[in-house]
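Inspection log for the structure reproduced underneath, given as C-alpha cells.
In our numbering, the protein residues as written are 1146 to 1542.
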C-alpha cells in the first residue's frame, strides 16, 4: 500500500515538473501547439489524397498550395476594398469632428443642461506635446526608443513564428500516422480500450466544434458585411469582418459590430434615424440567422460550455498565449470538457464517492440496503408484535 502511494506521489510530482517546464518554454511550445492543430485540421484532407495513390509528401504539398492560393485570392480581393475603406475612414475624421462639434455636443448641452463643449484639435495637439515635453526627459525618450526597438524585434519574431508554423505543420502531417502509433504504444495495455474511447470522443467533439465554429464566424461576417454594404455604409466590409471574428465569443460580435456601425453611420449620415433603423435591422437579421440557422445546424451543442465559461476560456487563452492562444482556447476547452466528464463518471463510480442508502419495506420488515463496491449489506429489523412480546417475557424470566 505504501509503495502504491509513493508511486502516485512520484507520478504527480513528475506531471507538475513537466507542466512547469512547459510553462517556462511557453514561447517555444505555442508555435508547436498551433502547428499541431493545423495538422490535425487538415489531416483528413491529406488522407483523402493519399487514398488515391498519391505520395504523402505530394498530398501535403497540394493541400498547402491550395491553402496558399485560396488565401492569396481572398487577400487579392479584400485588401483593396479594406484599404479604400480605411482611407475613407481617415478622410472622414474631420467631418466626424465637425459633426460632434456642430450637432452632438450642442444636443448634449441642450438636453442635459450642461456647459457647452467643443473639440479643438489644435488645442489637443498642443496639450499632448506639452505633456510629452514636461513628463519625458532624454532618458525617457531613450527608454521609449528602446521599447519601440523591442517592439520591432517582437514583430520580427512574430513573423518568424508565422513562417515556422506551416513548416512544423508539414512535418507533423508527414509523420502523422507514425506519431499517432507512437502515442498509442505509450498507453498502458489495461487502459488502452478506455483511453481510445475517450480520444475518439474528443476527436468527434473537437472536429465538429472547430468546423462549425469557423463556419459560423465566416458566414456571420459575410451576413453583416453584405447587409451593411447594401444599406450604404462605406466601412461596412471592415465592420462586418470584425463582427464575424468577434462572434467567437457569444454576443461579442453583435455588440462590437452594432456599436461600430452606429458610430460609422453617425459620421457618414449624421443623426439619420432611417439609417440607424436599417443598421438595427441588419444586426437583428444576423442574430436570427445565427440563432435559428447557423448555431443549430453547424454548431449545435458541440462543446457543452456556458457563455460565461466560453468568455473565460477565450480570455484565459489570450492571457496565456496571445492571439494564437485565443484561437485555440475553445478547441482546448472542448477537449477539457470531455476529459472532465469522464473524470466525473469515474469519480461517481469510485469507492470515495459511494452510493446513497435506500430503505425498502418488505412484509413488515425494514431493510437498509447499502450499496458500495459491489457488496450488499442488509440490516433487518423485525417489527413483529408477537416476537416482541415473546422477547419481553423471556427477559422477565
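Positions of the beta carbon are idealized from the N, C-alpha and C atoms, including for glycine.
Spatial neighbours of residue i within its chain, please: CB distance less than 6 Å, with the 5 preceding and 5 following residues excluded, ordered by chain position.
i            : result
residue 1309 : 1176
residue 1241 : 1412
residue 1263 : 1246
residue 1221 : none
residue 1150 : none
residue 1483 : 1346, 1347 and 1350
residue 1184 : 1314, 1317 and 1318
residue 1543 : Outside the displayed span of the chain (1146 to 1542) sits residue 1543, for which this structure offers no information.
residue 1182 : 1473
residue 1540 : With a pLDDT of only 47 at residue 1540, under 50, the local geometry of the prediction cannot be trusted, and the value read off the model is given with reservation. So the list is empty, once near-sequence residues are dropped.
Can you give me the start and stop residues for the alpha helix (DSSP H) that residue i sits inside?
i            : result
residue 1352 : 1337 to 1375
residue 1254 : 1250 to 1257
residue 1226 : 1201 to 1236
residue 1185 : 1171 to 1196
residue 1405 : 1397 to 1414
residue 1329 : 1321 to 1330
residue 1388 : 1381 to 1391
residue 1426 : 1418 to 1434
With a CB to CB cut of under 7 Å and the five nearest residues on each side skipped, what residues in its chain are close to residue i?
i            : result
residue 1326 : none
residue 1380 : 1230, 1233, 1234 and 1409
residue 1439 : 1361, 1364 and 1365
residue 1352 : none
residue 1102 : There is simply no residue 1102 to check, as the chain begins at 1146 and stops at 1542 in what is shown.
residue 1432 : 1399
residue 1456 : 1394
Below 8 Å on the Cβ atoms is my contact criterion, and I expect residue i with residue j to pass it. Report the Cβ-Cβ distance as a whole number of Å.
i            : j            : result
residue 1187 : residue 1360 : The pair is not a contact, with the Cβ atoms about 16 Å apart (cut-off 8 Å).
residue 1261 : residue 1355 : Actually they do not touch by this definition, with Cβ atoms about 54 Å apart.
residue 1210 : residue 1194 : Wrong, their Cβ atoms sit about 12 Å apart, outside the cutoff.
residue 1347 : residue 1480 : 5 Å
residue 1393 : residue 1178 : The pair is not a contact, with the Cβ atoms about 18 Å apart (cut-off 8 Å).
residue 1377 : residue 1244 : Between residue 1244 and residue 1377 the Cβ distance is about 17 Å, and since that is not below 8 Å, they are no contact.
residue 1478 : residue 1470 : About 12 Å separates the two Cβ atoms, so there is no contact after all.
Among the residues of its own chain, which have a CB less than 8 Å from the CB of residue i, if the five just before and after it don't count?
i            : result
residue 1170 : none
residue 1518 : Only weak support exists for where residue 1518 lies, its pLDDT of 42 falling under 50; the value from the coordinates is given anyway. Result list for residue 1518: 1496, in chain order.
residue 1174 : 1167
residue 1251 : 1261
residue 1159 : none
residue 1226 : 1382
residue 1324 : 1317
residue 1507 : Because the pLDDT of residue 1507 is 49, which lies under 50, any placement of that residue in the model is unreliable, and the number read from its coordinates should be weighed accordingly. Taken in chain order, the list of residues that qualify is empty.
residue 1390 : 1362, 1366 and 1398
residue 1459 : 1393, 1394, 1471, 1474 and 1475
> Is there contact here, the region 1333 to 1345 with the region 1383 to 1398, by at least three beta-carbon pairs under 8 Å?
Replying inline: no
> Quick check: the region 1403 to 1416 against the region 1381 to 1395, are there 3 or more CB pairs under 8 Å?
Replying inline: yes
> Is the region 1493 to 1500 touching the region 1191 to 1206, taking contact as three or more C-beta pairs under 8 Å?
Replying inline: no
>> Is it the case that the region 1413 to 1425 contacts the region 1359 to 1367, given that we only count it when at least three CB pairs across the two stretches are under 8 Å?
In response: no
>> For the region 1370 to 1377 against the region 1426 to 1441, do three or more pairs of beta-carbon atoms, one drawn from each stretch, fall closer than 8 Å, so that the two count as touching?
In response: yes
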